[in-house]
Amino acid sequence: MRVIAISTLREFWTKHPDIEQPLKEWYVKTCQANWSSLADMRNDFNSVDYVGNQRYVFNIKGNHYRLVVAVKFTPALIYIRFVGTHDEYERIDISTI
Numbered sequence: 012m013r014v015i016a017i018s019t020l021r022e023f024w025t026k027h028p029d030i031e032q033p034l035k036e037w038y039v040k041t042c043q044a045n046w047s048s049l050a051d052m053r054n055d056f057n058s059v060d061y062v063g064n065q066r067y068v069f070n071i072k073g074n075h076y077r078l079v080v081a082v083k084f085t086p087a088l089i090y091i092r093f094v095g096t097h098d099e100y101e102r103i104d105i106s107t108i
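In structure tokens form, the structure reads like this:
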């Protein structure tokens, strides 16, 4: 899978250094993946959930952080839509990101 854009992750872990390693691990594993469905994603990350409109939410670092991505399975693209704390995630409107 191709992740667009790692710069969003870098900006976040610069502000929250405790999440740097878990986000790097997510990125490496995701780039090596060849997903074609949610089931494939769950083989690598059992905490991923589908939230509609091609959006998926990953719990990162024991559910302290949330990562929302848009996934296009056919061209194998993942777009970072949101990364934040669990509390920040609770305040967003998932349909607008």
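Quick note on numbering: the sequence shown equals residues 12 to 108 in our numbering. Virtual Cβ for every residue (Gly too), placed ideally from N, Cα, C.
Limits of the beta strand (DSSP E) - the one that residue i falls within
i: Asp60; result: 60 to 63
i: Thr96; result: 88 to 96
Element boundaries [alpha helix (DSSP H), containing residue i]
i: Asn74; result: First-last for Asn74: undefined, no H or E at that position.
i: Arg102; result: Run containing Arg102: none; DSSP gives neither H nor E here.
i: Ile17; result: 17 to 26
i: Trp37; result: 31 to 43
i: Asn57; result: Careful: Asn57 lies outside any alpha helix (DSSP H) and carries neither H nor E.
Residue i versus residue j: straight-line alpha-carbon distance, rounded
i: Ser18; j: Trp24; result: 10 Å
i: Asn74; j: Ile108; result: 20 Å
i: Asn54; j: Phe84; result: 15 Å
i: Ala44; j: Met12; result: 6 Å
i: Val82; j: Pro28; result: 26 Å
i: Pro86; j: Ser47; result: 10 Å
i: Ile30; j: Tyr67; result: 19 Å
Residue i - DSSP class collapsed to helix/strand/coil
i: Ala81; result: strand
Residue i burial status per 10 Å Cβ neighbour count (16 or more: buried)
i: Val94; result: buried
i: Arg21; result: exposed
i: Val80; result: buried
i: Ile71; result: buried
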